[in-house]
Each structure stands twice: as structure tokens, then as C-alpha cells.
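This report concerns only the one structure given below.
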Amino acid sequence: MKKYATIHFACNDGDDGSFAGKVSAAAYAENDLEAPGMAEFKFTAGDDFIRIHRRTFKIIGTSFWVGNWCWNAYRMTRGEAKKLLAHLRRNGWQHTGGRVHFGNWWDKGSAA
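Laid out in C-alpha cells, this is it:
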């Protein structure tokens with residue numbers, strides 16, 4: 179089993195690629211996630227953490243402008259990633275496309 183996971187967030191301004199401090203879409207392992215109604219939520223990123231929906235998650239690395247300049251990738255332990263994904267799900271995020279196995283986990287709503 180892999181030790182780390184990477185979650186991508188569309189957290190950069192579409193006009194110039196600068197960090198926008200808000201997010202409405204994410205991606206994990208070929209799975210697309212959208213915020214409820216594609217609303218933008220406050221998103222904070224530091225050297226060793228990200229924060230969304232009033233909760234902080236520990237990261238171990240960041241890659242900027244992944245895929246295009248709107249997206250950053252955040253690397254973390256798999257356990258931390260499961261907590262983050264469950265937190266997004268509890269806050270109304272939707273799984274809008276990707277792998278069936280992940281979609282079943284998402285729809286089941288099991289605890290991380």
C-alpha cells in the first residue's frame with residue numbers, strides 16, 4: 179500500500195495563476211470533487227498545512243500549477259488524506275466523476 183496520497187485543489191486565480199485563497203473543486207486519484215453548488219470556500223495553505231471548512235490538515239509537500247495554473251497539488255499521508263476527503267464529504271462536496279470503487283466509498287459515507 180502506498181504511504182502517501184496527493185489531492186489537487188483548484189485554488190489559483192484563473193486569470194493569472196496566483197493563489198486565490200478559495201476553492202470549489204478538487205481531484206483525488208482520477209476522481210473529481212465539487213463543492214456544493216460549485217460555491218467557493220475559503221482555502222488556506224501554508225508550508226506544512228492546508229485549511230478548509232475550519233479544519234487544518236497536515237501536508238508534507240506542495241506542487242504548484244499542476245496540470246494548469248489553476249491547480250495546486252498537496253501531498254500528505256494516506257490517513258490524513260482520508261480524513262480530508264471525509265471532511266469534504268461531510269461538508270456537502272460531491273463526487274462528480276471517476277472510479278467506481280471510490281464513488282461507492284464516497285456514497286457510502288463511511289467514517290475515515
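Numbering (my numbering), first residue to last: 179 to 290. Each residue gets a CB set at the ideal place from its N, CA and C atoms; glycine is no exception.
Decide if the region 273-282 is in contact with the region 214-222; the criterion is three or more beta carbon pairs, one per stretch, under 8 Å apart.
At 8 Å Cβ cutoff, the stretches do not touch.
Closer than 8 Å is the cut-off here; do at least three beta carbon pairs connect the region 189-196 with the region 258-270?
no
Taking all protein chains shown into account, decide if Trp-284 is buried (16 or more other Cβ within 10 angstroms of its Cβ) or exposed.
It counts as buried.
Cutoff 8 Å; reference Arg-305; Cβ partners in own chain excluding five residues on either side:
Residue 305 cannot be examined here, being either before or after the span of the chain that is shown, 179 to 290.
Can you tell me which of Asp-193, Asn-250, Ala-204 puts its alpha carbon nearest to the alpha carbon of Ala-223?
Asn-250
Which two residues bound the contiguous beta strand (DSSP E) that contains Gly-239?
239-241
Endpoints, the beta strand (DSSP E) within which Phe-280 is located
Looking at the DSSP string, Phe-280 is not in any beta strand (DSSP E); the run it does join, the alpha helix (DSSP H), is 278-286.
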